[in-house]
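Undergrad: Numbering (the UniProt record's numbering), first residue to last: 1 to 61.
Beta carbons: idealized from backbone N, C-alpha and C, even for Gly.
(1) Please state whether DSSP places residue 9 in a helix, a strand or coil.
(2) The beta strand (DSSP E) that contains residue 16, what's its start and end?
(3) Are the beta-carbon atoms belonging to residue 23 and residue 5 less than 8 Å from one another?
(4) So, with DSSP's three-state summary, where would you put residue 43?
Below you can see the structure in the form of structure tokens.
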């Protein structure tokens, strides 16, 4: 599957969850002190993301 989550460490030593498609990073989370917190962030996206509303706040059409 081309879509995946990755957990990486940033320069500050925090755990960050990345959502990737092929070699491109689509989005990432804030840094967490524990890997468990990064995993919880992934679980939250998996649970709450599929039904999320799309809100366009731009002013142009």
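TA: So, to answer that:
(1) For this step, residue 9 is matched to residue 9 along the chain shown. Of the three classes helix, strand and coil, the one that applies to residue 9 here is strand, per DSSP.
(2) Here the question's residue 16 lines up with position 16 in the chain shown. 15-21 is the span of the beta strand (DSSP E), which, as asked, contains residue 16.
(3) Indexing the chain shown from 1 puts residue 23 at position 23. Indexing the chain shown from 1 puts residue 5 at position 5. Here residue 23 is not near residue 5, since their CB atoms are 8 Å or more apart.
(4) Numbered from 1 along the chain shown, position 43 holds the residue referred to as residue 43. Note: residue 43 maps to helix in three-state DSSP.
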